[in-house]
Amino acid sequence: MTQESEMDGREQLIERSIPFLDEVKNMTAGPEVERWLNETYGPGSALYEDLSRLIKQGVEEGWAANVEVGGQRYRRSRLCEPTERTLNFSITAVYMDSQDGRMVIDDHDDGPGDADASFRGDYHGHPYGELNMVVPLDEKAVLAGPSGWCHAGWTAPGPGSHHYPEVKGGALIALFFLPAGRISYDVKPPADEQARSAQP
Numbered sequence: 015m016t017q018e019s020e021m022d023g024r025e026q027l028i029e030r031s032i033p034f035l036d037e038v039k040n041m042t043a044g045p046e047v048e049r050w051l052n053e054t055y056g057p058g059s060a061l062y063e064d065l066s067r068l069i070k071q072g073v074e075e076g077w078a079a080n081v082e083v084g085g086q087r088y089r090r091s092r093l094c095e096p097t098e099r100t101l102n103f104s105i106t107a108v109y110m111d112s113q114d115g116r117m118v119i120d121d122h123d124d125g126p127g128d129a130d131a132s133f134r135g136d137y138h139g140h141p142y143g144e145l146n147m148v149v150p151l152d153e154k155a156v157l158a159g160p161s162g163w164c165h166a167g168w169t170a171p172g173p174g175s176h177h178y179p180e181v182k183g184g185a186l187i188a189l190f191f192l193p194a195g196r197i198s199y200d201v202k203p204p205a206d207e208q209a210r211s212a213q214p
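Position one of the sequence shown corresponds to residue 15 (this note's numbering), numbered consecutively onward.
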């Protein structure tokens, strides 16, 4: 991959996102916005298909979700900082794969290859909410969202929400847009969640 191809792909993704960000800039993430996103820009829509293609290209070419957090199966990268150009949103990509090599596992995980095994990433909070486009790479891959497991589509955790990002069924990419680029990794999970995640 050349530096020019990285700039081209990343720049195309940012440019393709700007009209969308202009449309959602005054919306507040939550259940209503999540429904609207899935109805308006769900799989099959031009926006979803274009961004899916570009972010898959970015992961394949190594310019997106290329910083290891928990090995090759848990990676992320910020594609752009919040600026006036992006309506003060940042754009970040995360790659997660629930198959083998998992960092934190769920109660019902019976070991590698278990279809119900899930992988949990770093606990974090969304001070201003999050608009998150889920792009499955494996047929059964799903991401836990505030409305349940999401295959291809959108989740929109509201302002003040906090959670473990959790995937099962294989690999996926989460492409998310953060108002003001705000995300907090210094929030602490509730005691029951900590205990559940500490299980071997």
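Backbone N, C-alpha and C fix where the C-beta goes; we use that ideal spot for every residue, glycine too.
Query	Result
Residue from I187, Q71, G183, H177 with nearest C-alpha to S198	H177
Inside the stretch 142-213 only - alpha helix (DSSP H) runs reaching at least 4 residues	205-211
Local conformation of D64 per DSSP, three classes	helix
Backbone secondary structure at M117 - three-state DSSP	Here M117 scores only 43 on pLDDT, less than 50, and its place in the model is too uncertain to base an answer on.
Where E37 falls, given that 16 or more other Cβ within 10 Å makes a residue buried	exposed
L51 - containing alpha helix (DSSP H), residue span	45-55
Which listed residue (D136, Q71, A60, R24) has its alpha carbon closest to that of R89	D136
DSSP-derived helix/strand/coil call for V73	helix
Simplified DSSP assignment, three categories, for L101	coil
Counterpart residues of D82 in DSSP-defined beta bridges	The question names Asp, but residue 82 in the sequence shown is Glu. Looking at the DSSP assignment, E82 forms a beta bridge with R89.
Short Cβ contact (9 Å threshold) for L35 with F191	yes
C-alpha distance - P150 paired with H165, whole-angstrom precision	7 Å
Cβ pair L51, W163 closer than 9 Å	no
Opening and closing residue of the beta strand (DSSP E) in which S132 lies	132-134
Minimum C-alpha distance to G183 - residue among P160, Y62, S112	S112
Residues bridged to L139 (per DSSP)	According to the sequence as given, residue 139 is Gly; it is not Leu. According to DSSP, which records beta bridges pairwise, G139 is partnered with H176, S198.
Proximal residues to P204 (C-beta, below 7 Å), its chain only, five neighbours per side dropped	none
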